[in-house]
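Quick mapping for you: the protein sequence lines, in order, are chains A and B.
Here the first sequence is numbered in our numbering, starting from 431 and rising by one per residue.
Here the second sequence is numbered in our numbering, starting from 431 and rising by one per residue.
From the three backbone atoms N, C-alpha and C, an ideal C-beta is built for every residue, glycine too.
From a predicted model like this one, the values you see are computed outputs, not experimental measurements.
This report concerns only the one structure given below.
There are 2 protein chains.
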Amino acid sequence: MVAVLVIEDDDRIRLSLSLALEDEGYAVYTAATAEEGLLRQRREPADTVLVDLMLPGIDGFQCIRELRRDDDVPIVVVSAREDTHDIVAALEAGADDYLVKPVAVKELSARLRALRRRARTGPATPAGHQDLGDLKVRAQAGEVLLHGQPLALTRTEFRLLCELAGHAGQVLSRQQLLERVWEYDFGDERLVDVHVGRLRQKIEDDPANPQRLVTVRGLGYKMPR
Amino acid sequence: MVAVLVIEDDDRIRLSLSLALEDEGYAVYTAATAEEGLLRQRREPADTVLVDLMLPGIDGFQCIRELRRDDDVPIVVVSAREDTHDIVAALEAGADDYLVKPVAVKELSARLRALRRRARTGPATPAGHQDLGDLKVRAQAGEVLLHGQPLALTRTEFRLLCELAGHAGQVLSRQQLLERVWEYDFGDERLVDVHVGRLRQKIEDDPANPQRLVTVRGLGYKMPR
DNA sequence: GAACCCGTGACAGTTGTGTGACAAATCGCC
DNA sequence: GGCGATTTGTCACACAACTGTCACGGGTTC
Numbered sequence: 431m432v433a434v435l436v437i438e439d440d441d442r443i444r445l446s447l448s449l450a451l452e453d454e455g456y457a458v459y460t461a462a463t464a465e466e467g468l469l470r471q472r473r474e475p476a477d478t479v480l481v482d483l484m485l486p487g488i489d490g491f492q493c494i495r496e497l498r499r500d501d502d503v504p505i506v507v508v509s510a511r512e513d514t515h516d517i518v519a520a521l522e523a524g525a526d527d528y529l530v531k532p533v534a535v536k537e538l539s540a541r542l543r544a545l546r547r548r549a550r551t552g553p554a555t556p557a558g559h560q561d562l563g564d565l566k567v568r569a570q571a572g573e574v575l576l577h578g579q580p581l582a583l584t585r586t587e588f589r590l591l592c593e594l595a596g597h598a599g600q601v602l603s604r605q606q607l608l609e610r611v612w613e614y615d616f617g618d619e620r621l622v623d624v625h626v627g628r629l630r631q632k633i634e635d636d637p638a639n640p641q642r643l644v645t646v647r648g649l650g651y652k653m654p655r
Numbered sequence: 431m432v433a434v435l436v437i438e439d440d441d442r443i444r445l446s447l448s449l450a451l452e453d454e455g456y457a458v459y460t461a462a463t464a465e466e467g468l469l470r471q472r473r474e475p476a477d478t479v480l481v482d483l484m485l486p487g488i489d490g491f492q493c494i495r496e497l498r499r500d501d502d503v504p505i506v507v508v509s510a511r512e513d514t515h516d517i518v519a520a521l522e523a524g525a526d527d528y529l530v531k532p533v534a535v536k537e538l539s540a541r542l543r544a545l546r547r548r549a550r551t552g553p554a555t556p557a558g559h560q561d562l563g564d565l566k567v568r569a570q571a572g573e574v575l576l577h578g579q580p581l582a583l584t585r586t587e588f589r590l591l592c593e594l595a596g597h598a599g600q601v602l603s604r605q606q607l608l609e610r611v612w613e614y615d616f617g618d619e620r621l622v623d624v625h626v627g628r629l630r631q632k633i634e635d636d637p638a639n640p641q642r643l644v645t646v647r648g649l650g651y652k653m654p655r
């Protein structure tokens, strides 16, 4: 299911956009302000973001720049302003497409598909590739190198490692890992422990004394930088 | 220098677009018909293609499909028709963007930049020719050499191989392959498995132990660099 | 010492992948 | 335009790999 985040302050437009997109088969998240949208995208990233330009507080341009700072997500502007200057500014800020209200839903949907088709040819997983000493994570190639040798990881191990390596130096709670790796909203947190254990068997020189994937008691796990 | 191919039958529009794009710093090739444009793109590929919808002979839609057959080049439609139906059809055919005439050059330029920014993150080599050890893929010539000997591949096998070889070192999911090789938006992913199996019979020395086309369990397939 | 946190081995159920068979669709040739 | 050959997509089966649960035990905190 493709998730779309709609950032739009006008309640009526937000609602009608949401309904239309849901009809097209998208999962829709919404936010009424840029702040809310940015927060939401950071917590639970959507696959595509629709954003209005005229927003209270942080405006659309700034919002796009903020999103682009650490996210390569496709961004589509939906705005009432049809001035060329606005269009150019939004695209320069990092937007991928720009539609003028009122939008035809069929067109919006087609443009989303075209954009996603193009975006998908990019990196498959969020983090590109990470080097942590002897351990190299090549997300695109779907491979992990330890001392230059490719490692045979299962999908779950791979995704777990990507998640941890992508936030090297930062503690991730079992709950966060469950949500991001397993996409579970709930579940047995011990599951994480088991897979961390299995992962350690493969990436640690001495699995009983983990160096690369350490546990932070009471908080979770992290990979030191 | 970024090269743009403009396919447009109206002399005046073609000329003014060319001049405007040259002003923006693009190298511009032109073609007055789809046939001419396709030939030109095959001989000397541009980095982006602008195409009109109403062309004599092969029309714009068909032209887009032909281009897409063996090229991942960004395609922008510039048309006088502003009907949603046309827009959707063009995007579905494979276009990346759609502008309604008359176009503001600044906007066109900004959209080209946005599109190229997005497209560049994609495949490193569009559709040239790839050498992977003993296996040489000549996409343009439509032939594949194994140990210097030409291989007899079916069309599907050939396109599958081109797609994989064109992204050597990168995992492609079954879904991605379905979309790019079969142009299915959905469908049975097992179809990919079957054709990978058939392809292996032809390109692997020992099909039971694939070396050139390996499966990455849970993720998809890839050809190692 | 009690409560809690974490590592780990075992195991059954689930999922992913390769492959042969087959019918429908397409192609090439006359 | 017809007909055999080739290609394509679907299906089902078999096997291997992976996943999640559980229980046990050692360590840590208070």
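Just curious, the beta strand (DSSP E) that residue i is in, first and last residue?
{"i": "B:Ile437", "result": "Ala433 to Ile437"}
{"i": "A:Glu573", "result": "Glu573 to Leu576"}
{"i": "B:Leu527", "result": "Here the sequence assigns Asp to residue 527 of chain B, which means Leu is not the residue at that position. Residues Asp527 to Val530."}
{"i": "A:Leu485", "result": "Looking at the DSSP string, A:Leu485 is not in any beta strand (DSSP E), and its letter there is neither H nor E."}
{"i": "A:Thr645", "result": "Val644 to Val646"}
{"i": "A:Gln565", "result": "Sequence inspection shows Leu at residue 565 of chain A; the Gln mentioned does not correspond to that position. Leu565 to Arg568 is the span of the beta strand (DSSP E), which, as asked, contains A:Leu565."}
{"i": "B:Pro640", "result": "Counting along the chain, B:Pro640 falls outside any beta strand (DSSP E), and DSSP gives it neither H nor E."}
{"i": "B:Gly617", "result": "Element bounds for B:Gly617: n/a, residue is neither H nor E."}
{"i": "A:Gly650", "result": "Gly650 to Lys652"}
{"i": "A:Leu581", "result": "Gln579 to Leu581"}
I'd like to know if residue i contacts chain A, where contact means its C-beta is closer than 8 Å to some C-beta of that chain.
{"i": "B:Leu521", "result": "yes"}
{"i": "B:Thr408", "result": "Because residue 408 of chain B is not part of the residues shown, which for chain B are 431 to 655, the question remains open."}
{"i": "B:Glu613", "result": "no"}
{"i": "B:Gly599", "result": "yes"}
{"i": "B:Gly596", "result": "no"}
{"i": "B:Gly490", "result": "no"}
{"i": "B:Leu497", "result": "no"}
{"i": "B:Ala557", "result": "With a pLDDT of 42 at B:Ala557, under the threshold of 50, the predicted position of this residue should be treated as unreliable, and no value is reported."}
{"i": "B:Gly563", "result": "no"}
{"i": "B:Leu649", "result": "yes"}
{"i": "B:Arg589", "result": "no"}
{"i": "B:Val646", "result": "yes"}
{"i": "B:Ala549", "result": "yes"}
{"i": "B:Ala554", "result": "Its pLDDT being 36, under 50, B:Ala554 is placed unreliably in this model, and the value from its coordinates should be taken loosely. Not one chain A Cβ lies under 8 Å of B:Ala554."}
Who pairs with residue i in a beta bridge, going by DSSP?
{"i": "A:Ser456", "result": "Checking the sequence, you will find Tyr at residue 456 of chain A rather than Ser. In DSSP, A:Tyr456 forms no bridge with anything."}
{"i": "B:Pro504", "result": "BP columns for B:Pro504 are empty, so no partner."}
{"i": "A:Ala461", "result": "A:Ile437"}
{"i": "B:Arg548", "result": "B:Arg548 is not bridged to any residue."}
Quick check on residue i - is its C-beta less than 8 Å from some C-beta in chain B?
{"i": "A:Asp623", "result": "no"}
{"i": "A:Ala461", "result": "no"}
{"i": "A:Ile517", "result": "yes"}
{"i": "A:Lys632", "result": "no"}
{"i": "A:Ala433", "result": "no"}
{"i": "A:Ala525", "result": "yes"}
{"i": "A:Glu537", "result": "yes"}
{"i": "A:Leu483", "result": "no"}
{"i": "A:Thr425", "result": "Because chain A in this structure spans residues 431 to 655, residue 425 of chain A falls outside the shown range and cannot be described."}
{"i": "A:Gly572", "result": "yes"}
{"i": "A:Arg442", "result": "no"}
Which first and last residues belong to the alpha helix (DSSP H) in which residue i is found?
{"i": "B:Thr514", "result": "Thr514 to Ala523"}
{"i": "B:Leu629", "result": "Arg620 to Ile633"}
{"i": "A:Gln605", "result": "Arg604 to Leu607"}
{"i": "A:Gln471", "result": "Ala464 to Arg473"}
{"i": "B:Leu591", "result": "Arg585 to Gly596"}
Within the same chain, show all residues whose beta-carbon is closer than 6 Å to that of residue i, passing over the 5 residues directly before and after it, in chain order.
{"i": "B:Thr535", "result": "At residue 535 of chain B the sequence reads Val, which differs from the Thr that was named. Within the same chain, B:Val535 has close Cβ partners Ala450."}
{"i": "B:Ala433", "result": "Ala457, Ala476 and Asp477"}
{"i": "B:Val530", "result": "Glu512"}
{"i": "B:Leu594", "result": "Met653"}
Can you give me the Cβ contacts of residue i inside the same chain, cut-off strictly under 7 Å, excluding the 5 residues immediately before and after it?
{"i": "A:Val622", "result": "Arg604, Leu607 and Leu608"}
{"i": "A:Arg470", "result": "Leu435, Tyr459 and Ala461"}
{"i": "A:Thr645", "result": "Tyr651"}
{"i": "B:Asp439", "result": "Ala462, Thr463, Asp482, Leu485 and Pro486"}
{"i": "B:Ile488", "result": "Ala464 and Glu465"}
{"i": "B:Arg642", "result": "Leu562, Leu565, Ile633, Glu634 and Met653"}
{"i": "B:Pro640", "result": "Arg630 and Glu634"}
{"i": "A:Val567", "result": "His559, Gln560, Val574, Leu591, Cys592 and Ala595"}
For residue i, which residues of its own chain have a beta-carbon under 8 Å away from its beta-carbon, when the five flanking residues on both sides are left out?
{"i": "A:Ile494", "result": "Val481, Ile505, Val507, Ala520, Ala523, Gly524 and Ala525"}
{"i": "B:Gly617", "result": "Leu608"}
Checklist entry - Does the segment 591-606 of chain B come within contact of the segment 571-579 of chain A, defined as at least 3 CB pairs closer than 8 Å? => result Touching, yes.
Next on the checklist: So, does the segment 585-592 of chain A touch the segment 627-644 of chain A, judging by three or more C-beta pairs under 8 Å?
Outcome noted: The segment 585-592 of chain A is in contact with the segment 627-644 of chain A.
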